[in-house]
Each structure stands twice: as structure tokens, then as C-alpha cells.
Amino acid sequence: YEEAEKEYREAIRINPNDAGAHNNLGALLANLNHYEEAEKEFREAIRINPNYAEAHYNLGVLLQNLKRYEEVEKEYREAIRINPNYAEAHNNLGILLKNLKRYEEAEKEYREAIRINPNDAEAHNNLGILLKNLKRYEEAEKEYKEAIRINPNLAEAHANLGILYLQQGKINDAQKELEIAHELFLDQCRFNDANNVLKILQTI
Numbered sequence: 003y004e005e006a007e008k009e010y011r012e013a014i015r016i017n018p019n020d021a022g023a024h025n026n027l028g029a030l031l032a033n034l035n036h037y038e039e040a041e042k043e044f045r046e047a048i049r050i051n052p053n054y055a056e057a058h059y060n061l062g063v064l065l066q067n068l069k070r071y072e073e074v075e076k077e078y079r080e081a082i083r084i085n086p087n088y089a090e091a092h093n094n095l096g097i098l099l100k101n102l103k104r105y106e107e108a109e110k111e112y113r114e115a116i117r118i119n120p121n122d123a124e125a126h127n128n129l130g131i132l133l134k135n136l137k138r139y140e141e142a143e144k145e146y147k148e149a150i151r152i153n154p155n156l157a158e159a160h161a162n163l164g165i166l167y168l169q170q171g172k173i174n175d176a177q178k179e180l181e182i183a184h185e186l187f188l189d190q191c192r193f194n195d196a197n198n199v200l201k202i203l204q205t206i
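Residue 31 in the working numbering sits at position 29 of the sequence shown, with consecutive numbering throughout.
Listed below in C-alpha cells is the structure:
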């Protein structure tokens, strides 16, 4: 990280109007949890190039971590205005809208992300979560299965499908999916998640 940070700062010293270098430095600082500095760099990239979709998106992700939701929505929508086919921005906007309980808008964003990139397993999983919340269980199951088909290692999708099966009384199917989720979470060193799944398995 130090080496990369030095390089980006050097690029900015040579050319203070290098929007890409400001954006890259911002992304690096955000990864290091230096949020205030990162925000400054993203905003500088946008000041230099207001139509820099990726900088708007990165700023949105940062602001989402800081729970500044109104600003987040503005940045994601700006990224999408500049690049309507920005699948990640549609997906993240969907997550934001779901958390704000604006379900209809969230569904629209997830479906747009999937239209742009049908193989986006996370968008299928996110849409599944939303549909389950709306009690559209068959559609939710279809989305979870599609997420797993695309990425068999997506532990969340296995866990979500397992929980859905459990609620429907499909005990064997539930156990199978939850066991897969548990293994995957362990493989990915996500011990909290693995533990949560284990607790559910112990109730079966």
C-alpha cells in the first residue's frame, strides 16, 4: 500500500489535475479506513472531471460506510446518469433503497443490474433477499438458485436458500444448503457467519 500511495501522490504532484490518480489514491485510503482523506480525494477527482462515473461510485460506497444515505443515493444516481450500464452502481443503489424500505425502487435497480450483467451472482442473491422480504417465496428461491448456479461458492446464497427451505418445512433441503454454507464460510475464514449458520443447523 505504501508504495502505491507514494506513486499516486507523486503522479498528483506532477499533475495536480490527474483525476484518475486522485480517484486511485481515494480508493487506497478508503481501504485503509482513512475515510476523511479518501472523501477529499474522490471529491477532487469529481471536481476535475464531473463526469467521472467511477469516482462518483467510489464516493457513494465510502458514504454508505459512513451511513450518510442521502448523499450516497445522489452519488450512485450520478454514476448511473453518466454510465447507465454501471451494474455495480445499480446493485449498490438497490441495497441502499432496500435498507431504506423503498422496496419497489430497489427491485428495479437489482433487475437493471441483472439485465446489464446476467451473471452477477450477488445481484441475484440481493434480489432474492428482497423478494423473500416481500413474501414472494418462489421468485426468491429462483434467484438464490441462479446465484448459486453462477457462483457455487457464494456462501450467502446457500445460507439464504437454506433458511428459506427451513421456513417452508423442507428440512432435508435446508440442512444440505446450510451445511454447504457453513463449510464455505469456514473456508473463507468468515467465522462469525459460520457460527450463525451452525446455530441454525443445531435447531434442525
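Each residue gets a CB set at the ideal place from its N, CA and C atoms; glycine is no exception.
When you compare only the Cα positions, how much space is there between E90 and Q204?
The count along the sequence shown starts at 1 and reaches residue 90 at position 88. The count along the sequence shown starts at 1 and reaches residue 204 at position 202. Looking at the two C-alpha atoms, the distance is approximately 36 Å.
Using DSSP with H/G/I as helix, E/B as strand and the rest coil, what is H2?
Examination of residue 2 is not possible in this model, given that the chain is present from 3 through 206 alone.
Terminal residues of the continuous alpha helix (DSSP H) containing D20?
What you label residue 20 is simply residue 18 of the sequence shown in a count that begins at 1. Premise fails: D20 is in no alpha helix (DSSP H) and is neither H nor E.
Can you list, in chain order, the residues of its chain whose CB lies under 8 Å from that of E111, leaving out five sequence neighbours each side?
What you label residue 111 is simply residue 109 of the sequence shown in a count that begins at 1. So the list reads H92, N93, L95, G96 and L99, once near-sequence residues are dropped.
Just to confirm before moving on: does the CB-CB distance between V199 and A176 stay below 9 Å?
Translated into the one-based positions of the sequence shown, residue 199 becomes position 197. Translated into the one-based positions of the sequence shown, residue 176 becomes position 174. Contact: no.
Say the cut is 8 Å; is the CB of E107 nearer than that to a heavy atom of the ligand MG?
Summarising the ligand content, the structure contains no ligands, and the ligand MG is consequently not present.
Once DSSP output is grouped into helix, strand and coil, what is the label at Y78?
In the sequence shown, the residue the question calls residue 78 occupies position 76. Helix.
Buried or exposed: E4, going by 16 or more other Cβ atoms within 10 Å of its Cβ?
Start at 1 with the first residue of the sequence shown, and residue 4 comes out as number 2. It is exposed - the Cβ of E4 has fewer than 16 other Cβ atoms within 10 Å.
In terms of alpha-carbon separation, which member of N19, I152, K178 and I118 lies closest to N87?
Indexing the sequence shown from 1 puts residue 87 at position 85. The option with the nearest alpha carbon to N87 is I118.
Three-state secondary structure (DSSP) at N26?
As a working mapping, residue 26 is identified with position 24 in the sequence shown. Reduced to three states, the DSSP call for N26 is helix.
Do A21 and N51 have their C-beta atoms closer together than 9 Å?
What you label residue 21 is simply residue 19 of the sequence shown in a count that begins at 1. What you label residue 51 is simply residue 49 of the sequence shown in a count that begins at 1. Contact flag set, yes.
Do you know whose CA, among A32, A81 and A57, lies nearest N67's CA?
Your numbering for residue 67 matches position 65 in the sequence shown. Closest by alpha carbon: A32.
Distance, Cα to Cα, R11 vs E181?
On the sequence shown, position 9 is the one that residue 11 refers to. On the sequence shown, position 179 is the one that residue 181 refers to. Spanning the two alpha carbons is a distance of roughly 47 Å.
Please list, in chain order, all residues of the same chain as N155 whose beta carbon is under 7 Å from its beta carbon, the five residues on each side excluded.
Against the sequence shown, residue 155 aligns to sequence position 153. The residues are L186.
Give me the Cα-Cα distance between K172 and E141, rounded to the nearest whole angstrom.
For this step, residue 172 is matched to residue 170 along the sequence shown. For this step, residue 141 is matched to residue 139 along the sequence shown. K172 and E141: Cα-Cα distance of roughly 17 Å.
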